[in-house]
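Numbering (this note's numbering), first residue to last: 172 to 494.
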Amino acid sequence: MWSMNVPAATKLFMWRAVSDLLPTRKNLLKKKIVEDPLCPICNSNEETISHVMWSCPATVDVWGDTRSPISKWPSGDCNFEQKWLDLCRVMDQESIEKVAVIMRGIWYRRNKYVFENKFWRPGNVVQMAVTGLEDYYSVNEKKTGLNKGKGEDRGKSHWRCPVDVDFKVNFDGAFDQSSSKIGMGVVIRDKKGEVVAALSASRREGQNAFVAEGMALWRAMELCLEIGMVDVEFEGDSKELIEAVMSDEEEDSRWGHIVEDIKQLRHQYNNWKVVFNYRESNEVAHNLAKMALLIDEELVWIEEVPSSIHQYIVKDNLCNDLQ
């Protein structure tokens, strides 16, 4: 956490949170400072660090915001230190930095409520955290003369039609820890932005979000072969997975076998490449993956998408002046 590009106060806060040193009601009870360990916001569970940062209903609403980098993650009870390690393992640095500042914002909101009886809406927590982080990036860039590319490009990001290939394949994975269920979303579109095929599928016995993303990419590649498409480009929003898949180095991590399987399939088709883009450019696949968590089968659509997804197709086409 000390290598994060965030304010020093945020680094210190995260160290205290991971070390369970924040004055939660549970910790204050241990020191006999308070008599009631219940969360002052929901009044239904003990206020532990994991409850404040993850599973309190008020916190779940924060993580559910569309600007949250982990809105697809489950919100059940957890060991906070392990949750933080899991996030650091599967998320890119920019996303984990955003998570850190949002967590600090959640704690700040908690204190505002406890000491001033003022309560921020979920969107305000995320907005304040993200804006503050972008301002911090901007100040650092001016000081160093370096442009790290954080924040600025993402705000303008949207899906773009394929240019150098005939088809673009967007993929995304979702993971529900409470049920160990993986959701996969895939959409294939041509140069006119027209849908060729879409897929929403679930699998049991998943491990984490990284595995979900890997399985979604693998299924996307399989789907292309099943319908006879090879002149394609794959696009997803998991930076860690895509960097691993496009690397020439052998992947020896715990989930390396998934990456290596994808590499072997990709190398059979020299014109296949996998590129990263932000979630804002991947809304169709993202919502197909979320939908998959609600089903126990694989659904495939040819030249159409479910009615609930159509709005995202229209939005992408408008961004490309295709309507």
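C-beta: ideal position from N, C-alpha, C; glycine also. All of these numbers come straight from a predicted model, not from anything done at the bench.
Reference residue i, options the options, closest by Cα
i       : options                            : result
Glu-397 : Ala-460, Lys-362, Asp-335, Val-471 : Val-471
Tyr-308 : His-428, Trp-330, Gln-298, Glu-265 : Glu-265
Ala-391 : Leu-436, Lys-269, Arg-280, Met-175 : Leu-436
Ala-271 : Trp-173, Arg-281, Ser-349, Glu-421 : Trp-173
Trp-278 : Asp-467, Ala-180, Asn-176          : Ala-180
Gly-377 : Ser-478, Met-386, Lys-444, Lys-486 : Met-386
Lys-254 : Ala-369, Ser-226, Ile-433          : Ser-226
Asp-492 : Ser-478, Gly-364, Ser-190, Cys-249 : Gly-364
Arg-260 : Gly-427, Val-205, Asp-306, Asp-236 : Gly-427
Leu-394 : Trp-186, Leu-370, Ser-479          : Leu-370
Ile-457 : Ile-241, Pro-228, Glu-420          : A quick correction: the sequence has His, not Ile, at residue 457. Checked all of Ile-241, Pro-228, Glu-420; the closest Cα to His-457 is Ile-241.
Phe-447 : Ile-413, Ala-463, Trp-186, Ile-429 : Ile-413
Glu-305 : Ala-345, Leu-183, Trp-186, Asn-176 : Asn-176
Ile-484 : Leu-459, Phe-286, Pro-228          : Leu-459
Gly-235 : Asn-442, His-481, Lys-461          : Lys-461
Residue i (DSSP reduced to helix, strand or coil)
i       : result
Leu-193 : coil
Trp-234 : helix
Lys-319 : Because the pLDDT of Lys-319 is 42, which lies under 50, any placement of that residue in the model is unreliable, and the number read from its coordinates should be weighed accordingly. In the structure shown, Lys-319 sits in coil (DSSP, three-state: anything other than H, G, I, E or B).
Val-340 : strand
Lys-410 : helix
Lys-202 : coil
Gly-354 : strand
Lys-314 : Bear in mind that the predicted position of Lys-314 carries a pLDDT of just 45, short of 50, making it too unreliable to give a figure here.
Phe-290 : coil
Arg-504 : The structure shown has nothing for residue 504, since the chain only spans 172 to 494.
Ile-473 : strand
Leu-465 : coil
Val-401 : coil
Ile-429 : helix
Val-177 : coil
Lys-362 : coil
Asp-487 : helix
Glu-421 : coil
Asp-347 : strand
Met-185 : helix
Glu-217 : strand
Val-445 : strand
Val-502 : Here the chain comprises residues numbered 172 to 494, so residue 502 is not present and cannot be evaluated.
Leu-258 : helix
Gly-297 : Sequence inspection shows Val at residue 297; the Gly mentioned does not correspond to that position. Helix.
Beta-carbon gap between residue i and residue j smaller than 8 Å
i       : j       : result
Tyr-284 : Ile-212 : yes
Ser-373 : Ile-353 : yes
Cys-332 : Lys-289 : no
Phe-405 : Val-340 : yes
Val-357 : Phe-338 : no
Asp-263 : Lys-410 : yes
Met-417 : Val-445 : yes
Ile-273 : Ser-239 : yes
His-222 : Asn-216 : yes
Val-296 : Val-233 : yes
Leu-464 : Ala-380 : no
Val-430 : Val-336 : no
Asp-432 : Trp-389 : yes
Counted within 10 angstroms of its Cβ, other Cβ atoms place residue i as buried (16 or more) or exposed
i       : result
Ser-452 : buried
Val-334 : exposed
Arg-196 : buried
Glu-474 : exposed
Glu-268 : buried
Glu-384 : buried
Gly-294 : exposed
Leu-489 : exposed
Thr-302 : exposed
Thr-230 : buried
Arg-292 : exposed
Leu-192 : exposed
Arg-375 : exposed
Trp-186 : exposed
Ile-466 : exposed
Phe-286 : exposed
Glu-468 : exposed
Glu-218 : buried
Ile-204 : exposed
Rounded distance between the beta-carbons of residue j and residue i, thought under 8 Å
i       : j       : result
Val-401 : Tyr-440 : 5 Å
Val-455 : Asp-408 : So it is not a contact: roughly 12 Å between Cβ atoms.
Phe-184 : Arg-275 : 5 Å
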